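Q:
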Amino acid sequence: RYADPAVFDIQDDYMAEPFGKYPKIEAQFRKAAQQPGKFFMNYVSTAALLPPRSNSDRLNPQVHSFLDGSEASGWTGLGIVPLDFPATRTGLVESLIRHNPAG
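Residue 196 is where the sequence shown ends in our numbering, and the numbering goes up by one at each step.
(1) DSSP three-state call for Asn193: helix, strand or coil?
(2) Assuming Val186 and Pro194 make a contact with CB atoms under 8 Å, what is their CB distance in whole Å?
(3) Measuring CA to CA, which of Leu189, Ala96, Gly162 is closest to Lys131?
(4) Please state whether DSSP places Asp177 in a helix, a strand or coil.
(5) Terminal residues of the continuous beta strand (DSSP E) containing Asp161?
(6) Who are the Cβ neighbours of Trp168 in its own chain at under 6 Å, not counting the five residues just before and after it?
(7) Between Leu171 and Thr181, what straight-line distance do the alpha-carbon atoms span, to the nearest angstrom?
This is the structure in structure tokens:
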């Protein structure tokens, strides 16, 4: 890995197709909310099979719905969330910011 696992917890399965990638994204959000203390990174981006825009069109709405849903309500400290084409989903960036308030 490219980071110290004692400091960072990283989900970066960049070759998983969206159907297989999404459960990993959701699991990393849960882990960050339930086990604070590390720097969490949760890559939504994937390079599998389809062009990045096609993958983001499938993943970004799911991520947005999850973050705005009842389970994630009140969660903070979800970490760094690299993703492709965030501006194509109105409110997604704002939702990520809401879950990562400034200290």
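We treat Cβ as the ideally placed atom computed from N, Cα and C, and that holds for glycine.
Treat the numbers as computed from the prediction; the structure is a model and nothing was measured.
A: Taking the coordinates as given:
(1) coil
(2) With a Cβ gap of about 14 Å, Val186 and Pro194 do not count as contacting.
(3) Ala96
(4) coil
(5) Premise fails: Asp161 lies in the alpha helix (DSSP H), 145–161, not in any beta strand (DSSP E).
(6) Ala126, His192
(7) 21 Å
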